[in-house]
Every structure is written in structure tokens, then in C-alpha cells.
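*Asks:* Before I ask anything, here is the structure I am working with.
Residue numbers (this note's numbering), protein chains in the order written: chain S, 1 to 89; chain Z, 101 to 189.
This is the structure:
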């Protein structure tokens with residue numbers, strides 16, 4: 001189902017220490033989530049939830065998320081607009 | 101070892117169809133790589149290389165990459181400057 005970015009933003013409060021409210025990673029081990037597609041975010045979060053992907057932090061957090069939480073979080077981070085500039089180009 | 105972003109940029113020509121030369125995903129299944137940390141990029145690419153992470157596309161490509169390729173690609177995509185704007189904030 002399509003998540004709700006406003007609800008996702010509230011749920012993202014538990015993610016911000018590593019991923020930031022702006023979706024830019026705050027620690028080098030964490031991924032930037034800003035502007036990733038809902039398809040990518042949902043598949044990555046679900047992979048951590050099912051154990052298909054393993055990570056010390058995410059393997060403890062993802063299993064606590066419902067599919068609705070995942071949809072809301074995905075829609076929040078996907079809603080963040082990003083720009084990219086290749087240095088010198 | 102620290103990769104060379106200029107060399108990585110040449111090697112990224114094989115990645116651009118899905119990940120873009122600017123590191124912004126061109127297909128929804130692919131991740132944005134722009135501005136991800138070298139630590140994150142190296143660990144994700146190595147996970148696809150060793151099979152710890154599985155993906156139809158990446159599991160065929162990553163095993164062809166040497167550690168030097170991975171370091172160069174990681175340093176290239178990490179060198180891309182990104183900005184993130186949360187809509188309405």
C-alpha cells in the first residue's frame with residue numbers, strides 16, 4: 001500500500017540518529033535514504049525484516065516494523081528531494 | 101586502500117544505466133549512490149561480491165570487480181555532492 005509521508009516522518013524520529021531527518025547519513029556505516037525510491041526502500045527494509053539482509057543495527061530494528069510502518073517510512077524518505085553534483089562536471 | 105575517483109568515474113560507465121553517472125538511480129529498483137560514504141559503498145559492493153547480499157543484477161556484476169575497482173567506484177560515488185530538501189521544511 002502507498003505509505004503516508006507525514007506519518008512516516010513521525011516514525012522516522014527513531015531512524016534519525018543514523019539516517020537523519022533529511023535522509024543524509026549521520027554515520028559512515030549508514031546509507032543515505034533521501035530520495036531513494038519507495039520500491040528500493042521497501043525492498044531493503046523488508047530484506048532486513050526477513051533476515052535476507054543482515055546488519056547489526058537494522059536486524060534488530062526492522063523486525064519491529066509493520067508493513068504499514070515500512071510503507072510510511074519509505075514514502076517519507078522517498079519524498080525528500082535531492083540534487084547531485086559531480087565535482088568538476 | 102583509498103580509491104581514485106577519476107579512475108572510478110571511468111569504471112562507473114558500466115554502472116550508469118541503473119545508477120547514473122551522477123549517482124541518482126535511473127530505475128526504481130536501483131539505489132542512489134551519490135554521496136554515500138566510501139565505507140557504506142565498499143561494504144555494500146563487497147557484500148554483493150561475496151554473496152552476503154543478493155540481487156539479480158548486482159550478484160552478476162560485483163564478482164567481476166576487484167577490490168581496487170570497488171575502492172575506485174566507492175571513491176567516485178562518494179565524491180558526488182548531494183543536497184537534500186524535506187518538502188515543507
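Even glycine gets a Cβ: it sits at the ideal position worked out from N, Cα and C.
Run the CB neighbour count on residue 173 of chain Z, radius 10 Å, all protein chains shown included, and call it buried at 16 or more, exposed below.
*Replies:* To locate residue 173 of chain Z, count along the second chain from 1; it is residue 73. Flag for residue 173 of chain Z reads buried.
*Asks:* Do the segment 25–35 of chain S and the segment 102–115 of chain Z make contact, defined as three or more Cβ pairs closer than 8 Å?
*Replies:* Taking 8 Å as the limit for Cβ pairs, the verdict is that the segment 102–115 of chain Z does not touch the segment 25–35 of chain S.
*Asks:* Rounded to whole angstroms, what is the Cα-Cα separation between residue 169 of chain Z and residue 117 of chain Z?
*Replies:* Position 69 of the second chain holds residue 169 of chain Z. Position 17 of the second chain holds residue 117 of chain Z. Rounded to the nearest angstrom, the two C-alpha atoms are 18 Å apart.
*Asks:* Which runs of the alpha helix (DSSP H) spanning at least 4 residues fall entirely within the segment 147–176 of chain Z, listed in chain order?
*Replies:* The qualifying runs are 158–161.
*Asks:* For residue 37 of chain S, which residues of its own chain have a beta-carbon under 7 Å away from its beta-carbon, when the five flanking residues on both sides are left out?
*Replies:* Translated into the one-based positions of the first chain, residue 37 of chain S becomes position 37. Here the set comprises 78.
*Asks:* Tell whether a beta-carbon distance below 8 Å holds between residue 135 of chain Z and residue 84 of chain S.
*Replies:* Position 35 of the second chain, counted from the start, is the residue given in the question as residue 135 of chain Z. Position 84 of the first chain, counted from the start, is the residue given in the question as residue 84 of chain S. Yes, these two residues count as a Cβ contact at 8 Å.
*Asks:* Is there a Cβ of chain S sitting closer than 8 Å to that of residue 148 of chain Z, yes or no?
*Replies:* Your numbering for residue 148 of chain Z matches position 48 in the second chain. Chain S, which has no Cβ nearer than 8 Å to the Cβ of residue 148 of chain Z, makes this no.
*Asks:* Is it buried or exposed for residue 20 of chain S, if we count other Cβ within 10 angstroms and need 16 for buried?
*Replies:* As a position in the first chain, residue 20 of chain S is number 20, starting the count at 1. Label assigned to residue 20 of chain S: buried.
*Asks:* Please report whether the beta-carbon of residue 179 of chain Z lies at a distance below 8 Å from any beta-carbon of chain S.
*Replies:* Counted from its first residue, the second chain places residue 179 of chain Z at position 79. Residue 179 of chain Z counts as touching chain S.
*Asks:* Is there a Cβ from chain C that is less than 8 Å from the Cβ of residue 61 of chain S?
*Replies:* Note that chain C does not occur in the displayed structure, where the protein chains are S and Z.
*Asks:* Could you tell me whether the Cβ of residue 37 of chain S comes closer than 8 Å to any Cβ of chain Z?
*Replies:* Walking along the first chain from the start, residue 37 of chain S turns up at place 37. Answer yes: the Cβ-Cβ gap between residue 37 of chain S and chain Z drops below 8 Å somewhere.
*Asks:* Report buried or exposed for residue 164 of chain Z, applying the criterion of at least 16 other Cβ atoms within 10 angstroms of its Cβ.
*Replies:* Working through the second chain from its first residue, we reach residue 164 of chain Z at position 64. Under this definition residue 164 of chain Z is an exposed residue.
*Asks:* Using a Cβ-Cβ distance under 8 Å, would residue 142 of chain Z count as near chain S?
*Replies:* For the purposes of this step, residue 142 of chain Z is identified with residue 42 of the second chain, where counting begins at 1. Output row for residue 142 of chain Z: interface = no.
*Asks:* Put residue 126 of chain Z into one of helix, strand or coil per three-state DSSP.
*Replies:* For the purposes of this step, residue 126 of chain Z is taken as the residue at position 26 of the second chain. Three-state result, residue 126 of chain Z: coil.
*Asks:* So if I threshold CB-CB distances at 9 Å, which residues from the segment 7–30 of chain S count as touching chain Z?
*Replies:* So the list reads 9, 20, 21, 22, 23, 24, 25, 27, 28, 29, 30, given in the order they occur along the chain.
*Asks:* Can you find a C-beta in chain Z that's less than 8 Å from the C-beta of residue 84 of chain S?
*Replies:* Translated into positions along the first chain, residue 84 of chain S becomes position 84. At least one chain Z Cβ lies under 8 Å of residue 84 of chain S.
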